[in-house]
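Note sheet for the following structure.
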Amino acid sequence: MATNEDTVGFAQFREWKAMNDQMAVQPATAVITKKSSSKSYAGNNGSMSSASTHQAKTQKKGWSKAAKYAAIGGGSGAILGAVINKRNRVLGAVLGGVLGGGAGYGIGRSQDKKDGRF
Numbered sequence: 067m068a069t070n071e072d073t074v075g076f077a078q079f080r081e082w083k084a085m086n087d088q089m090a091v092q093p094a095t096a097v098i099t100k101k102s103s104s105k106s107y108a109g110n111n112g113s114m115s116s117a118s119t120h121q122a123k124t125q126k127k128g129w130s131k132a133a134k135y136a137a138i139g140g141g142s143g144a145i146l147g148a149v150i151n152k153r154n155r156v157l158g159a160v161l162g163g164v165l166g167g168g169a170g171y172g173i174g175r176s177q178d179k180k181d182g183r184f
């Protein structure tokens, strides 16, 4: 007579499946701690825990590119507006500053979007 040997591990699979089916029927309790932000799940037959080591992203410090470009554009536009409009330099500086600042902000805002800042 030939003996039937378990060559593919079917007996182990059935044992594992029975244990998982039994754990699925029993409700698990969740315990969450704030300090380590780890979660523990415990049933009658075993327990499982996992710790989270992810840290929140820190915000970038300093000026955004939109602010930098707007300031540079506004200053440059004011200087160019005063130089170009020789009759009324104040009006030229104000108009140049507003137009240059708006153009600089638009360019900087598109750069911030590419970098994922906003």
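Numbering (our numbering), first residue to last: 67 to 184.
Here a beta-carbon is modelled for each residue, glycine too, at the ideal position from N, C-alpha and C.
The structure displayed is predicted, hence computed values, not measured ones.
- Whole-angstrom distance between Asp178 and Gln88, CA atom to CA atom: 53 Å
- Between Gly141 and Gly182, what straight-line distance do the alpha-carbon atoms span, to the nearest angstrom? 26 Å
- Among the residues of its own chain, which have a CB less than 8 Å from the CB of Ile150, if the five just before and after it don't count? Gly158 and Gly162
- Message: Just verifying my parser: in three-state terms, what is the DSSP assignment at Ser130?
- Response: coil
- Message: Taking the beta carbon of Gly128 as the centre, do at least 16 other beta carbons fall within 10 Å, making it buried, or is it exposed?
- Response: exposed
- According to DSSP, is Lys152 helix, strand or coil? coil
- Item | For Thr73 and Ala84, the rounded distance between their alpha carbons | 20 Å
- Three-state class that DSSP yields for Phe184 in the structure shown: coil
- Query: Leaving out five residues before and five after Gly143 in sequence, what residues of the same chain have Cβ atoms less than 6 Å from its Cβ?
  - Reply: Gly162, Gly163, Leu165 and Gly166
- Please go through the same chain and pick out, in chain order, the residues whose beta-carbon is closer than 7 Å to the beta-carbon of Arg175, but skip the five residues on each side of it. Ala132
- In its own chain, which residues sit with a C-beta less than 6 Å from the C-beta of Gly139, not counting the 5 before and 5 after it? Gly166, Gly167, Ala169 and Gly170
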